Amino acid sequence: MADAHASPNYWMIWLYLFVLTVIEIAVIYMPLAKVIIVILLVGLACSKAALVAMYFMHLRFERLTLGIIALTPFILCVFLILMLFPDLA
Amino acid sequence: MSEVAAVMHASAEPAESPLTPESWGKLGMWVFLAGDAMSFGGLLVGYGLLRHASTNWPLPSHVLGISLTAFMTFLLICSSVTMVKGLEAVRNNQRSVAKTYLLLTALGGLGFLGLQAYEWTHLIHEGLKLWENPWGSSLFGTTFFMITGFHGMHVTGGVIYLLIMLSIVSRPSVALGHGWCYNVVEVAGLYWHFVDLIWIMVFTFIYLI
């Protein structure tokens, strides 16, 4: 059973998500180049999404194949970006 | 399908889901969520494309209220925690604790929807419409209402889903612990966390960047 694992400390995950959100908001007011801000925000958002998927959705304690199913839309979106954005240039 | 074929099919079908031994429903929810994520992915990539191509796109943090939506983010994160705590209580046979947590989760969702309705009303009064935007490109209004609206519909569905789970857990005849009830609440939880995950993305791309 997948439930054999010990429950993660959900309040710690909550704290991480809270802190990352505060950092995200702080980042937009920092005097940095737009590109740096975008990279930081995307990185922070992906870390938050990963925390939610791994711990709240228990993906860390599931089989690898299920994780691959979950990752598919993300990969397809990256493809979509790579295929569409050259059209703008 | 003929009866014979149906019988043969039933015997060929494995009794246990290979990826999620607990239930087929859980696998079904994961596959649905992967598909649903692609809807949001398509919307967000389309948004990025339109914004990148536009010359008069307003800076979202200047025209949208970041502090209100930051609080909405906080609400959804909290409701995700109460969801996992509720599931834990179902597993530990604590019916009243599970009911309280599930109710808090649904209330978190309702609070989110209330604030979103307030935000939309405020922005509509300021002149932001589906087809126009007082601060520049009209597509800013289109993408804003489409994407936050699509997410809001998911939250609405989630609140109804959670209230149904609450009514199941409240029934004294339903056994808690490991079993059917735990499975259905876990699957509902997957949906709820997904809605939270999508909001993390929407908040970043629509409000912050």
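Chains S and R, in that order, are what the protein sequence lines are.
Just so you know, the first sequence maps onto residues 296 to 384 in this note's numbering.
Just so you know, the second sequence maps onto residues 122 to 330 in this note's numbering.
Each residue gets a CB set at the ideal place from its N, CA and C atoms; glycine is no exception.
A quick note: this is a predicted structure, and the numbers were derived from the prediction, not measured.
Exercise for the section: Determine the burial state of residue 328 (chain S): buried for a count of at least 16 other Cβ atoms within 10 Å of its Cβ, exposed for fewer. Expected result: exposed
Practice task
Have a look at residue 161 (chain R) and residue 155 (chain R) and give me their C-alpha separation to the nearest angstrom.
Solution key: 10 Å
Problem - Interface residues of chain R facing residue 365 (chain S) [CB-CB closer than 9 Å] - result: 151, 154, 155 and 158
Practice task
Drop a sphere of 10 angstroms on the beta-carbon of residue 180 (chain R), count the other beta-carbons inside from all chains shown, and report buried for 16 or more, exposed for fewer.
Solution key: exposed
Exercise for the section: For chain R, find out if any of its Cβ atoms is closer than 8 Å to the Cβ of residue 371 (chain S); answer yes or no. Expected result: yes
Practice task
Could you tell me whether the Cβ of residue 311 (chain R) comes closer than 8 Å to any Cβ of chain S?
Solution key: yes
Exercise for the section: Consult DSSP for residue 137 (chain R) and reduce its assignment to one of helix, strand or coil. Expected result: coil
Practice task
Closer than 8 Å by C-beta to residue 332 (chain S): which residues in its own chain qualify, once you throw out the five before and the five after it? Chain order, please.
Solution key: 322, 323 and 325
Problem - 7 Å Cβ cut-off: residues of chain S touching residue 322 (chain R) - result: 340 and 344
Practice task
Locate the alpha helix (DSSP H) running through residue 367 (chain S), then write down its first and last residues.
Solution key: 359-379
Problem - residue 292 (chain R) in three-state terms, based on DSSP - result: coil
Exercise for the section: Could you list which residues in chain R have their beta carbon closer than 7 Å to that of residue 368 (chain S), in chain order? Expected result: 155, 158, 159 and 162
Exercise for the section: Please compile the residues from chain S whose C-beta is within a distance smaller than 8 Å of the C-beta of residue 314 (chain R). Expected result: 347, 348, 351 and 352
Exercise for the section: Mind listing the chain S neighbours of residue 173 (chain R)? Cutoff is C-beta to C-beta under 9 Å, in chain order. Expected result: 380 and 383
Exercise for the section: Would you mind listing the alpha helix (DSSP H) stretches within the region 187-254 of chain R that are 4+ residues and don't spill past its ends, in chain order? Expected result: 187-212 and 216-247
Problem - N-terminal and C-terminal residue of the alpha helix (DSSP H) that residue 322 (chain S) is part of - result: 305-323
Handout entry: Backbone CA spacing between residue 316 (chain S) and residue 191 (chain R) [nearest angstrom]
Key = 8 Å
Practice task
Within its chain, find whatever has a CB closer than 6 Å to the CB of residue 185 (chain R); leave out the 5 residues flanking it on each side and keep chain order.
Solution key: 328
Problem - residue 208 (chain R) vs residue 305 (chain R) beta-carbon contact at 8 Å - result: no
Exercise for the section: With DSSP collapsed to three states, give me the class of residue 353 (chain S). Expected result: coil
Handout entry: Meets three-Cβ-pair contact criterion under 8 Å: the region 222-231 of chain R and the region 344-364 of chain S
Key = no
Practice task
Return no unless some Cβ of chain R is closer than 8 Å to the Cβ of residue 299 (chain S).
Solution key: Low confidence applies to residue 299 (chain S): its pLDDT is 49, below 50, so where it sits in the model is not reliable enough to give any reading.
Handout entry: Residue-chain proximity (residue 122 (chain R), chain S), Cβ-Cβ < 8 Å
Key = With a pLDDT of 46 at residue 122 (chain R), under the threshold of 50, the predicted position of this residue should be treated as unreliable, and no value is reported.
Problem - Top-ranked residue by Cα proximity to residue 296 (chain R), from R:139, R:211, R:261 and R:279 - result: R:211
Exercise for the section: Consider the Cβ of residue 355 (chain S): report whether some Cβ of chain R lies at a distance smaller than 8 Å. Expected result: no
Handout entry: is_contact[residue 330 (chain S), chain B] using C-beta, thresh 8 Å
Key = The chain inventory of the structure shown lacks chain B, comprising the protein chains S and R.
Exercise for the section: Going by CA-CA distance only, name the one from R:260, R:298, R:309 and R:166 that's closest to residue 372 (chain S). Expected result: R:166
Handout entry: residue 313 (chain R) vs residue 201 (chain R) beta-carbon contact at 8 Å
Key = yes
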